[in-house]
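For the sequence shown, the numbering used here gives the first residue as 1204, with consecutive numbering after it.
Yeah, the Cβ is synthetic: ideal placement off N, Cα and C, and Gly gets one too.
Taking it in order: structure first as structure tokens, then the write-up.
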Amino acid sequence: MATLQPSPMFTPKSILLIKLRHHGDMLLTTPVIRALRQQYPQASIDVLLYKETRPMLQAHPDIRHIHFIDRNWKKEGAWQHIKHEVALVNAVRQRHYDLVINLADQWRSAIITAFSGAKMRIGFDYRKRQNAIWRLAHTHRVSTERHRELHTVEQNLVALTPLNIPLEGYSASMHYAETDGQTTQALLAELQPSAKPYIVIQPTSRWLFKCWEDDKMAALIDSLASDEWDIVLTAAPDKKELTMIDNILSLCQNRRAISLAGKLTLPQLAALIDHAKLFIGVDSAPMHMAAALNTPCIALFGPTKLKQWRPWGENNRVIWAGDYAPLPSPDSIDTKTETRYLSAIPLEDVVNAARNYLDE
């Protein structure tokens, strides 16, 4: 593993951060962006990500430019796909980065890092990448030996070790444009003429095994129904998620719950969550958004890696199904299963946790 240290005079003027994962993963890179901004206040910071995750960072004030990879390029045929990839590498090279930090584990990210032309190129020393090409792509490689013990935010921050940047004390952040807030408030006003405080509940995930039972979610809504606040349900514009929301609403005795399911972009959802009295949701990107926005958050977890994916911050409460019944290993889960592993979580415990926040 590389042990070279940067010169004490090394002050990058232009930095590229690479992460090629899902929406929640992108939000959990923001502590690294915060750390880089504090260490190098005059530097330009760019990001390379998957196109569909761009909404998570597009309004971030510390990001100058976002490069993206469109996973639909491969549908355009081999020649067009190659042209897109070459154009991306050229666009990266034209920025003349001094520092590239590759938080990804894909070969594609290593190739882009290698061809960036950056003087300093940091990557992780993954066990599955112990070969000459990965070593040549990165001038500095950081150990992953402790990754299982660390939250994803902490894993990302460890990549800054060669820069001698402090690795603690950085919160995550979610940003949205003023127009996103205006659009969200306008949509909410159409359904909520009273303009009361509200609770946001996101019952859905793209993976069903991360979800609580519909009848318990409906009972939660009924238990929290009050003249003091409204309840707003949200979900992605996915057919299965929207069907789940419809079923939950049909099971509710209280018919006053408001549904914005499938009606909001991610930045608009952030604006909604930012002004909520409380957020309740499962392990999902919106849960990470609530934590980053410092909105009081109750996160329901099943057989996912709790240590790595719990909400990052202090204003939250995790309710883990593993505290009530045995759970399978996260690595053994078939993500296509329809088993609801959160079923062991009692309704009363979620209701009580919510009331503790609402009574503060």
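Hey, how far is the Cα of T1437 from the Cα of I1483? Indexing the sequence shown from 1 puts residue 1437 at position 234. Indexing the sequence shown from 1 puts residue 1483 at position 280. C-alpha separation (whole angstroms): 10 angstroms.
Since D1249 contacts R1298 with CB under 8 angstroms, what's their CB separation in whole angstroms? Counting from one through the sequence shown, the residue named residue 1249 turns up at place 46. Counting from one through the sequence shown, the residue named residue 1298 turns up at place 95. D1249 to R1298, Cβ: 6 angstroms. Contact.
Identified DSSP bridge partners for N1519: Along the sequence shown, read from residue 1 onward, the residue named residue 1519 stands at position 316. Looking at the DSSP assignment, N1519 forms a beta bridge with C1500.
Should W1515 be labelled buried (16 or more other beta-carbon atoms within 10 Å of its own) or exposed? Within the sequence shown, residue 1515 is the residue found at index 312, counting from 1. So W1515 ends up on the buried side.
Inter-stretch contact (C-beta, 8 angstroms, three-pair minimum) for the segment 1451 to 1461 and the segment 1479 to 1497: The segment 1451 to 1461 is not in contact with the segment 1479 to 1497.
So, does the segment 1346 to 1360 touch the segment 1380 to 1390, judging by three or more C-beta pairs under 8 angstroms? no
I1315 - partner residues in DSSP beta bridges: In the sequence shown, the residue the question calls residue 1315 occupies position 112. None, per the DSSP bridge assignment.
If you compare alpha carbons, which of I1236, Q1241, P1244 and R1240 is closest to L1251? Against the sequence shown, residue 1251 aligns to sequence position 48. Ranking I1236, Q1241, P1244 and R1240 by Cα distance to L1251 puts I1236 first.
Option nearest T1342 by Cα separation, candidates F1327, R1349, H1287 and K1510: Taking the sequence shown and counting its residues from 1, one reaches residue 1342 at position 139. Minimum Cα distance to T1342 is reached at F1327.
In this structure, does DSSP put F1213 in helix, strand or coil? Sequence index remark: in the sequence shown, residue 1213 carries index 10 (1-based). DSSP places F1213 in coil when its eight states are reduced to three.
Coil, strand or helix - Q1333 by DSSP: On the sequence shown, residue 1333 is found 130 positions in, with the first residue counted as 1. Here Q1333 sits in coil by DSSP.
If you compare alpha carbons, which of H1284, I1315 and V1485 is closest to L1223? Numbered from its first residue, the sequence shown carries residue 1223 at position 20. Nearest C-alpha to L1223: I1315.
Where L1503 and A1317 are concerned, what is the direct C-alpha to C-alpha distance, given to the nearest angstrom? Counting from one through the sequence shown, the residue named residue 1503 turns up at place 300. Counting from one through the sequence shown, the residue named residue 1317 turns up at place 114. So the alpha carbons of these two residues sit roughly 40 angstroms apart.
Is it true that the segment 1239 to 1249 meets the segment 1214 to 1223, where meeting means three or more beta-carbon pairs spaced less than 8 angstroms apart? Yes: the two stretches touch, three or more of their Cβ pairs being nearer than 8 angstroms.
Determine the DSSP secondary structure at I1236, reduced to helix, strand or coil. Here residue 1236 is taken as the residue at index 33 of the sequence shown, counted from 1. Helix, per DSSP.
Of the residues L1370, T1507, A1307 and L1230, which one's Cα is nearest the Cα of L1411? For this step, residue 1411 is matched to residue 208 along the sequence shown. Ranking the options by Cα distance to L1411, first place goes to T1507.
Helix, strand or coil: how does DSSP classify Q1456 here? As a working mapping, residue 1456 is identified with position 253 in the sequence shown. If DSSP states are grouped into helix, strand and coil, Q1456 belongs with coil.
Enumerate in chain order the residues of its own chain whose CB-to-CB distance from T1176 is below 6 angstroms, with the five nearest sequence positions on each side excluded. Since the first residue shown for the chain is 1204 and the last is 1563, residue 1176 is missing from the structure and cannot be characterised.
Under 8 angstroms Cβ to Cβ from A1428, same chain only, skipping five residues before and after it: list those, please. What you label residue 1428 is simply residue 225 of the sequence shown in a count that begins at 1. Closer than 8 angstroms at Cβ, skipping near neighbours: I1434, N1457, R1459 and A1460.
If you compare alpha carbons, which of D1430, L1260, A1547 and I1424 is closest to I1404? The residue given as residue 1404 occupies position 201 in the sequence shown. That would be I1424, whose Cα lies nearest to the Cα of I1404.
C-alpha distance - I1285 paired with N1293, whole-angstrom precision: By one-based count along the sequence shown, residue 1285 stands at place 82. By one-based count along the sequence shown, residue 1293 stands at place 90. Going by C-alpha positions, I1285 is about 12 angstroms away from N1293.
Terminal residues of the continuous beta strand (DSSP E) containing G1326? Translated into the one-based positions of the sequence shown, residue 1326 becomes position 123. It spans M1323 to F1327 - the beta strand (DSSP E) in which G1326 sits, taken as one unbroken run.
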